[in-house]
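Chemist:
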Amino acid sequence: VPAREPEQLAALGVDRALLVERVCAAFAVQIHQFGFFNADPHPGNVHVSVDVQQNKGDPNVPVLLDYGLTKRFETPMLVAFARLMHSSHASDPDGLEQALEEMGFL
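Numbering (this note's numbering), first residue to last: 526 to 631.
The structure is reproduced here in structure tokens:
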């Protein structure tokens with residue numbers, strides 16, 4: 526079931542906050558642990574598994590689709606990307622500038 530269908534998710538008993546948490550965790554592991562960046566993570570590429578037998582009764586299992594636009598980051602880019610995320614969260618313009626420089630955008 527597409528994750529952008531709130532009525533269907535509600536009927537399946539999906540906890541949307543938990544689903545979002547799991548999707549974010551999956552992307553974070555891909556990027557920060559494996560250096561794998563999906564450049565097209567829009568809502569149409571996120572579904573929810575409806576096979577409760579396979580999911581052991583858990584209706585909150587995300588299925589991530591479409592890895593046609595991806596990139597693998599080397600360590601320096603991973604560090605710069607982590608700095609970019611941290612600086613964005615901390616509203617740190619100097620950190621943002623440093624991260625963008627390290628990434629080659631400035």
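Each residue gets a CB set at the ideal place from its N, CA and C atoms; glycine is no exception. The structure presented is a predicted model; accordingly, all values stated were derived computationally and were not measured.
What are the start and end residues of each continuous alpha helix (DSSP H) run of 4 or more residues lying completely inside the region 531-563, in chain order?
Modeler: Complete alpha helix (DSSP H) runs here, min 4: 531-537 and 541-553.
Chemist: Going by alpha carbons, who is nearest to Q558 out of D540, R608, T600 and L609?
Modeler: The shortest C-alpha separation from Q558 is found at T600.
Chemist: Straight-line CA distance for L534 to H611?
Modeler: Taking the straight line joining both Cα atoms gives about 32 Å.
Chemist: When the distance is taken between beta carbons, is L621 closer than 8 Å to L609?
Modeler: Their beta carbons are under 8 Å apart, which means L609 touches L621 by this criterion.
Chemist: Please report the distance separating the alpha-carbon of V577 from that of R541.
Modeler: So the alpha carbons of these two residues sit roughly 16 Å apart.
Chemist: Any idea what DSSP makes of P587, helix, strand or coil?
Modeler: The answer is strand: DSSP assigns P587 an E or B state.
Chemist: For A605, count the other beta carbons within 10 Å of its own beta carbon; 16 or more makes it buried, fewer makes it exposed. Which is it?
Modeler: With 16 or more Cβ atoms within 10 Å of its Cβ, A605 is classed as buried.
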